[in-house]
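Numbering (my numbering), first residue to last: 233 to 676.
Take a look at the structure below.
The structure is reproduced here in structure tokens:
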């Protein structure tokens with residue numbers, strides 16, 4: 233009875249988020265297809281959450297990690313070194329994108345996805361157990377860098393394989409299924425922010441520095457086996473199985489899809505700068521605004537929750553209205569509103585103001601990112617899709633995203649203004665708007 237009332241009263245929701253109504257003679261087959269697709273969504277979302285969780289946690293605890301692994305003459309110098317290490321590891325992501333993207337286009341999205349989970353778990357385990365500088369000296373920062381490099385290779389190929397895996401579940405609903413790529417990143421933000429808020433609320437600074445900062449990384453290891461199990465029991469996409477595979481997908485992408493790669497890269501700029509600015513915000517709220525650390529994590533948790541809920545809605549909407557009619561206004565508003573929002577936050581540095589600013593950025597980010605993965609998937613032919621997705625995304629993140637926390641901290645120190653992070657957001661929005669305009673004109 234409850235199911236009947238839902239399906240009768242909510243046709244729009246049903247159309248976007250379900251496969252009903254089904255013809256009677258196809259009901260069993262449709263139910264199986266629906267179950268298979270949601271199993272793929274669950275596997276990809278959890279695997280993606282694992283990959284991004286450790287990146288986010290590293291950023292949240294950058295101040296603590298800087299003190300324990302990168303001791304220097306001043307706290308600011310240690311922090312900048314830790315944030316630079318966070319950014320440097322992104323340079324390895326394009327290598328992971330090339331190797332794992334080509335592997336996925338030859339061997340399958342599922343096989344590459346499983347490999348990225350295994351690599352991410354290795355990197356996470358190293359960070360979780362490695363002794364600090366006070367115990368093993370220079371080997372400590374070296375170990376952190378090695379772990380981050382392994383994670384960078386994993387993340388470099390993970391985006392392409394997971395996005396292609398999701399996008400190829402249903403070509404007619406590519407926007408909805410592909411949007412879970414970014415919805416799962418929102419899930420990561422929520423879990424990581426919740427961990428940060430709980431730890432900073434119940435533990436003292438000494439406890440966090442002694443052992444508390446390791447807890448989230450240990451928790452991240454628990455996600456891995458679940459995602460691996462779900463991935464093992466998910467089916468390879470029919471779109472890939474019916475494909476005549478390319479023997480050299482990376483070279484094909486370079487020779488035949490240069491414009492597509494550049495457009496895809498440009499479209500990701502705003503996405504990655506928004507994501508890593510959000511990552512930067514807890515530390516920014518504490519150091520620059522003088523807000524309590526637990527409250528700053530709450531604001532980030534709000535942003536992640538908004539992304540989880542709204543990214544699939546905007547993705548589903550893009551299946552009906554198109555990708556660009558949603559993405560173009562969102563990017564334009566970010567470009568115009570970033571400075572006023574940060575100026576307001578700097579003038580009224582309260583938790584309430586921070587929550588409102590983060591909520592606005594969360595909605596705009598979800599509107600832009602919801603259709604983004606599908607738009608990128610549409611740009612590339614199936615035979616080179618994973619390679620194109622992985623390479624364009626990873627090069628963009630290496631150039632613009634990985635150093636976003638460092639650039640924001642540097643801009644603040646150079647300008648002496650807490651409004652400075654808005655400059656980088658405005659710049660990113662302008663680049664992505666240019667890429668979207670090219671995509672619209674060329675109809676890629």
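Positions of the beta carbon are idealized from the N, C-alpha and C atoms, including for glycine.
Note on residue 342: 16 or more other CB atoms within 10 angstroms of its CB, so buried under the neighbour-count rule. Taking every protein chain shown into account, the CB of residue 443 has fewer than 16 other CB atoms within 10 angstroms, so this residue is exposed. Contact check between the stretch 550-568 and the stretch 662-671: three or more CB pairs, one atom from each, fall below 8 Å, which counts as touching.
Using a Cβ distance threshold of 8 Å, residue 632 and residue 501 count as a contacting pair. Pairing residue 438 with residue 386 gives a Cβ-Cβ distance that is not under 8 Å. Sixteen is the threshold: since fewer than 16 other Cβ atoms of the shown chains lie within 10 Å of the Cβ of residue 645, the residue is exposed. Note on the stretch 545-590: whole alpha helix (DSSP H) runs with a minimum of 4 residues are 556-579, in chain order. Here residue 652 is buried: its Cβ has 16 or more other Cβ atoms, across all protein chains shown, within 10 Å. Secondary structure at residue 642: helix, using DSSP grouped into helix, strand and coil.
With contacts defined by Cβ atoms closer than 8 Å, residue 514 and residue 496 do not form a contacting pair. Between residue 281 and residue 416 a beta carbon distance of about 5 Å is seen, short of the 8 Å cut, so the two are scored as contacting. In chain order, 300, 301, 302, 303, 372, 373 place their CB closer than 8 Å to the CB of residue 365, counting only its own chain and leaving out the 5 sequence neighbours on each side. Note that the C-beta distance between residue 630 and residue 326 is below 8 Å. Less than 8 Å divides the Cβ of residue 344 from the Cβ of residue 389.
Every alpha helix (DSSP H) stretch that sits fully inside the stretch 311-357 and reaches 4 residues is listed by chain position as 325-339. Exposed is the label assigned to residue 561, since fewer than 16 other Cβ atoms lie within 10 Å of its Cβ. Residue state for residue 305 is assigned as coil, using DSSP reduced to three classes. For residue 514, the enclosing alpha helix (DSSP H) has its first and last residue at 490-519. In terms of Cβ geometry, residue 598 and residue 530 do not form a close pair [threshold 8 Å].
Under a 10 Å Cβ-count criterion, residue 380 is classified as buried, with 16 or more other Cβ atoms of the shown protein chains found around its own Cβ. A distance below 8 Å separates the beta carbons of residue 612 and residue 489. Straight through space, the alpha carbons of residue 664 and residue 627 are spaced by roughly 14 Å. Per DSSP, reduced to three states, the secondary structure at residue 650 is coil, with no helix or strand assignment.
Scanning its chain for C-beta atoms nearer than 8 Å, with the 5 sequence neighbours on each side dropped, one finds around residue 508 the residues 291, 633, 634, 636, 637, in chain order.
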